[in-house]
Amino acid sequence: MDFEIKLFLFIIGGIILLLFLVGSFFIVPEKETVVVQRFGKFNRVAFSGFNLKIPLVEAKAGTVNMRTQQLDVSVETKTKDNVFVDLQISVQYMPIRAKVFEAFYSLDDPHAQIASYVFDVVRAEVPLLELDDVFSRKDDIAVAVRNNLSALIDEYGYSIVKALITDINPDEHVKASMNRINAAKRNKHAAEEEAEAEKITIVKKAEADAESKRLQGEGIAKQRLEIVRGFKESV
Numbered sequence: 131m132d133f134e135i136k137l138f139l140f141i142i143g144g145i146i147l148l149l150f151l152v153g154s155f156f157i158v159p160e161k162e163t164v165v166v167q168r169f170g171k172f173n174r175v176a177f178s179g180f181n182l183k184i185p186l187v188e189a190k191a192g193t194v195n196m197r198t199q200q201l202d203v204s205v206e207t208k209t210k211d212n213v214f215v216d217l218q219i220s221v222q223y224m225p226i227r228a229k230v231f232e233a234f235y236s237l238d239d240p241h242a243q244i245a246s247y248v249f250d251v252v253r254a255e256v257p258l259l260e261l262d263d264v265f266s267r268k269d270d271i272a273v274a275v276r277n278n279l280s281a282l283i284d285e286y287g288y289s290i291v292k293a294l295i296t297d298i299n300p301d302e303h304v305k306a307s308m309n310r311i312n313a314a315k316r317n318k319h320a321a322e323e324e325a326e327a328e329k330i331t332i333v334k335k336a337e338a339d340a341e342s343k344r345l346q347g348e349g350i351a352k353q354r355l356e357i358v359r360g361f362k363e364s365v
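Just so you know, this note's numbering puts 149 at position 19 of the sequence shown, and the rest follows in order with no gaps.
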């Protein structure tokens with residue numbers, strides 16, 4: 131009986147020891163970090179590779195993805211000349227390695243917060259420009275978005291890798307008007323080219339006629355000289 135109890139206790143102890151050992155280490159994949167808490171309070175950040183922790187005392191609070199992530203935002207705003215435009219903006223961002231604590235604890239939803247900042251920056255920049263300038267200076271707007279976002283979200287543990295304006299869509303009525311203007315410009319250019327071609331044709335024809343008449347005149351003059359020469363020889 132005593133042997134059976136000891137065996138039972140030995141097995142239970144072995145299981146507890148095994149669980150203790152298994153719970154004392156963990157592996158963090160590449161491009162990820164794990165926030166470790168001790169008794170519910172932040173203790174450290176574990177980086178990729180083999181890591182140790184104290185079972186029952188320390189626990190993994192969560193994982194922070196260190197990869198570059200992309201956020202696509204659609205912002206509707208108005209230009210300086212009162213045209214509503216919809217800008218499609220792609221923002222690439224990633225957590226700062228030295229600020230994983232801030233990235234994990236400061237923002238519950240980084241996507242939503244960054245999108246909110248994108249709205250604020252774009253709606254501060256675009257109303258200063260007219261529609262044509264928005265198209266011609268979209269790279270400048272993208273740089274302004276990147277610089278302003280970088281300054282705003284750095285304190286939350288994130289950095290902006292790149293900001294791109296991928297599309298600009300004016301109001302449909304304005305777009306139709308722009309298409310009509312562009313079509314009129316193309317038609318005007320085509321008419322000018324056609325007129326120029328016709329002008330060149332007329333000039334070339336006139337030059338050809340003048341050359342023909344010159345040659346014809348020279349022929350008549352030579353013919354008259356031959357007649358006079360022949361007349362003199364006969365006398």
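Glycine residues also receive a C-beta, built at the ideal position from the N, C-alpha and C atoms.
Coil, strand or helix - residue i by DSSP
i	result
Phe172	strand
Phe155	strand
Phe265	helix
Val329	The sequence given here has Lys at residue 329, not Val. Here Lys329 sits in helix by DSSP.
Glu323	helix
Ile141	helix
Ile219	strand
Alpha helix (DSSP H) segment containing residue i, residue limits
i	result
Lys268	268 to 283
Tyr247	240 to 255
Val213	Per DSSP, Val213 belongs to no alpha helix (DSSP H) and is neither H nor E.
Ala233	230 to 235
Length of the line joining the Cα atoms of residue i and residue j
i	j	result
Glu328	Lys335	10 angstroms
Phe156	Phe180	6 angstroms
Asp216	Val256	11 angstroms
Ile141	Thr198	48 angstroms
Glu162	Leu258	41 angstroms
Thr209	Ala176	47 angstroms
Asn278	Ile295	15 angstroms
Ser154	Leu186	9 angstroms
Phe202	Thr331	For the sequence presented, residue 202 should be read as Asp rather than Phe. Between Asp202 and Thr331, the C-alpha separation is close to 55 angstroms.
Ser266	Glu324	30 angstroms
Gly170	Val164	14 angstroms
Glu206	Ile184	51 angstroms
Arg174	Val166	5 angstroms
Gly287	Ile135	55 angstroms
Glu302	Val213	10 angstroms
Pro300	Val264	10 angstroms
Arg168	Val158	18 angstroms
Ala191	Asp211	51 angstroms
Val252	Asp238	23 angstroms
Phe172	Met196	19 angstroms
Within-8 angstroms CB hit, residue i to chain B
i	result
Gln167	Here chain B cannot be found, since the structure has a single protein chain.
Unbroken beta strand (DSSP E) run spanning residue i, endpoints
i	result
Glu188	188 to 195
Ala293	288 to 300
Phe180	179 to 182
Glu206	199 to 208
Inter-stretch contact at 8 angstroms, needing at least 3 Cβ pairs: the stretch 276 to 291 / the stretch 238 to 251:
yes
Taking contact to mean 3 or more Cβ pairs, one atom from each stretch, closer than 8 angstroms, check whether the stretch 286 to 299 and the stretch 216 to 225 are in contact.
yes
Does the stretch 260 to 273 come close enough to the stretch 228 to 242 to have 3 or more Cβ pairs within less than 8 angstroms?
no
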